[in-house]
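These protein sequence lines are chains V and W, in that order. For what it's worth, my numbering labels the leading residue of the first sequence as 1, then goes sequentially. For what it's worth, my numbering labels the leading residue of the second sequence as 1001, then goes sequentially. Yeah, the Cβ is synthetic: ideal placement off N, Cα and C, and Gly gets one too. What follows is a single structure, written as structure tokens, with notes after it.
2 protein chains.
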Amino acid sequence: MPLEPSPRSENARVRMAELSEKAGLPVATIKYYLREGLLPPGERTSPNQARYDDGHVQRIKLIRALMEVGGLSLGTVGEVLAAVDAGEASPHHVLGIAQQGITASRQVVDDEAREWALATVRDLAERRGWPCKSDDDLVIQALVGVLCAIREVGHDWYLDKLDAYAEIADRIADLDLEGIAGIESLEKIIEIAVVETVLGDRLLSVLRRLAQQRASKAYFAREG
Amino acid sequence: MPLEPSPRSENARVRMAELSEKAGLPVATIKYYLREGLLPPGERTSPNQARYDDGHVQRIKLIRALMEVGGLSLGTVGEVLAAVDAGEASPHHVLGIAQQGITASRQVVDDEAREWALATVRDLAERRGWPCKSDDDLVIQALVGVLCAIREVGHDWYLDKLDAYAEIADRIADLDLEGIAGIESLEKIIEIAVVETVLGDRLLSVLRRLAQQRASKAYFAREG
DNA sequence: CGTTATGGGAAGTTAAACTATCCATCCTGA
DNA sequence: TCAGGATGGATAGTTTAACTTCCCATAACG
């Protein structure tokens, strides 16, 4: 057991083996993330040695959370984190990337359907006073895709409730904003926005499932 | 152009080529889905010929929507649809499968963290009057995973808002239930529940993003 | 009755996300 | 100081998912 030098201080500069242990990932995987640029290189101590710190551990945990909980691909995580690091002008843009990454390659082919969806979105946005400038905004595109999918699957009735869901979305957004209020660092704001939405989407979806159980139990008031 | 027999009635029994066209998928892919059992076999017209109907088209569209919009893997789609077909006793169970499929393989390793998350969930459920019987329920497990991920990533503050999000989840669930009220066929109910939640999660997440743009614009009241 | 399509299955492909193996240093404990 | 395990860096190999391609014996069409 030749190694155990660092006195385990709170923000220790550790080497690969310990980073691997703290992060709960095999060394080979961490090396892979380094190669892919998802993880910044360690701090050099000699031409071919390096140390890693708590920032690396946090970064790895964020990567895994975005993948495992948020369902993003490693590639999308890379794009999102790169945008975060770059302090990309607006959170919207960064979140657009994540959104795009989640709602994978679904560009609607049927022109008529896309036209209908676009009109629906514009109407909704106007009713709620939402910004809806460019039709080719990533988020708008995603919404168009979702709307078309719901229609294709034959559940148009569901769209009658669009306004009701939109109102709820407004309340969620207000809540989300509280998490950002008072923070100045743009980079921090963007990271919070990413966590809040990517993980928060999942959180809300699970809570929704639990609430559905409560609701259906109350409604049917029999075995369930 | 040797074929064009069916008079294009509304619910025609078509053959592979036309099914492929209506569904917008290559023949080979449809054959693959048949092999995998995601699609029921066509109606035989001779020992090795078959016809397909609108049910097949709908099924394919559902599969694609669940994959592309809902982000489920083909395997998860298969499990979910099998459960739907089997008229699996409760919608909860079916949705649990989907939930599990979305929030991939994230079983928390750290015992202490899991214990904390479980306690948090139980408290929350009690406050809201939610059912929370078995700790090993798939949905509970998913929630535990999400909670741990949020904590690991260092955004504990986010969890202070758990109750606020839970309240919103309750309102969503009530809305969701409207879509099911009045339908008797259990199988239909389950399908609606699946569509409402898998596609509905995504719908809500996109609406949320749009609402966030509105909210942040209003809050910062400057460029963004 | 010759051409084209079909159902069915085996094998090949592509991409993502790792995992394994090398090897020339490096570092550490005896 | 020096032997042996660890490290950084790179290349090649693995595994799984989701298709695609290919093939062939049988069917259907004109």
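Using a Cβ-Cβ distance under 8 Å, would residue i count as near chain V?
| i | result |
| --- | --- |
| Ser1216 of chain W | yes |
| Arg1114 of chain W | no |
| Met1001 of chain W | Because Met1001 of chain W sits at a pLDDT of 37, beneath the cut-off of 50, its placement in the model cannot be relied upon, and the following sentence gives the value as read from the coordinates. Chain V contact via Cβ: absent. |
| His1092 of chain W | yes |
| Gln1107 of chain W | no |
| Ser1205 of chain W | yes |
| Gly1224 of chain W | Note that Gly1224 of chain W scores 39 on pLDDT, short of 50, meaning its location in the model is unreliable and no value can be drawn from it. |
| Leu1081 of chain W | no |
| Pro1131 of chain W | yes |
| Gly1154 of chain W | yes |
| Val1014 of chain W | no |
| Glu1021 of chain W | no |
| Ala1065 of chain W | yes |
| Arg1208 of chain W | yes |
| Thr1120 of chain W | no |
| Ala1166 of chain W | yes |
| Ile1030 of chain W | no |
| Gln1212 of chain W | yes |
| Pro1007 of chain W | For Pro1007 of chain W, the predicted structure reports a pLDDT of 40, less than 50, and the residue's modelled location is therefore unreliable. A value from the coordinates is still provided. So, not an interface residue. |
| Ile1097 of chain W | no |
Using DSSP bridges, identify the partner residues of residue i.
| i | result |
| --- | --- |
| Val1014 of chain W | W:Tyr1052 |
Hey, is residue i's beta-carbon within less than 8 Å of any beta-carbon in chain W?
| i | result |
| --- | --- |
| Val77 of chain V | no |
| Ile171 of chain V | For clarity, residue 171 of chain V is Arg in the given sequence; the question names Ile instead. Yes - at least one Cβ of chain W is within 8 Å of the one on Arg171 of chain V. |
| Leu143 of chain V | yes |
| Asp163 of chain V | no |
| Tyr225 of chain V | In the structure as shown, chain V begins at 1 and stops at 224. Residue 225 of chain V is therefore absent and cannot be evaluated. |
| Lys61 of chain V | yes |
| Arg202 of chain V | yes |
| Thr197 of chain V | yes |
| Gly55 of chain V | no |
| Ala183 of chain V | Per the sequence shown, the amino acid found at residue 183 of chain V is Ile instead of Ala. It does not; no Cβ of chain W falls within 8 Å. |
| Tyr52 of chain V | no |
| Val146 of chain V | yes |
Please classify residue i as buried or exposed, where buried requires at least 16 other C-beta atoms within 10 Å of its C-beta.
| i | result |
| --- | --- |
| Glu1126 of chain W | exposed |
| Gln1107 of chain W | exposed |
| Thr76 of chain V | buried |
| Ile190 of chain V | buried |
| Leu74 of chain V | exposed |
| Ala65 of chain V | buried |
| Ile1102 of chain W | buried |
| Ala1017 of chain W | exposed |
| Glu1183 of chain W | The sequence shown places Ile at residue 1183 of chain W, rather than the Glu named in the question. With fewer than 16 Cβ atoms within 10 Å of its Cβ, Ile1183 of chain W is classed as exposed. |
| Val1139 of chain W | buried |
| Gly37 of chain V | exposed |
| Asp135 of chain V | exposed |
| Arg35 of chain V | exposed |
| Arg1142 of chain W | The question names Arg, yet the displayed sequence has Ala at residue 1142 of chain W. Classification for Ala1142 of chain W: buried. |
| Glu187 of chain V | exposed |
| Pro40 of chain V | exposed |
| Lys1133 of chain W | exposed |
| Ala119 of chain V | exposed |
| Asp279 of chain V | Any question about residue 279 of chain V goes unanswered here, given that chain V covers just 1 to 224. |
| Lys1229 of chain W | Residue 1229 of chain W lies beyond the range of chain W shown here (1001 to 1224); nothing can be said about it. |
| Glu43 of chain V | exposed |
| Thr29 of chain V | exposed |
| Ala1094 of chain W | One point to set straight first is that residue 1094 of chain W is Val, not Ala, in the sequence displayed. Flag for Val1094 of chain W reads buried. |
| Val1027 of chain W | exposed |
| Glu1021 of chain W | exposed |
| Ser1185 of chain W | exposed |
The region 41-48 of chain V / the region 79-95 of chain V touching (three or more Cβ pairs under 8 Å): The answer is no - the region 79-95 of chain V does not touch the region 41-48 of chain V, with fewer than three Cβ pairs under 8 Å.
Given 8 Å, three or more beta-carbon pairs between the region 1009-1027 of chain W and the region 1147-1161 of chain W: Segments in contact, no.
Any alpha helix (DSSP H) of 4 or more consecutive residues that is wholly inside the region 1035-1118 of chain W: 1054-1068, 1074-1085, 1091-1102
Inter-stretch contact at 8 Å, needing at least 3 Cβ pairs: the region 1186-1204 of chain W / the region 144-151 of chain V: yes
Sufficient close CB pairs (3 or more, under 8 Å) joining the region 109-119 of chain V to the region 204-218 of chain V: No: fewer than three Cβ pairs fall under 8 Å.
Inter-stretch contact at 8 Å, needing at least 3 Cβ pairs: the region 1167-1174 of chain W / the region 168-184 of chain V: yes
Inside the region 1137-1188 of chain W only - alpha helix (DSSP H) runs reaching at least 4 residues: 1138-1152, 1162-1178
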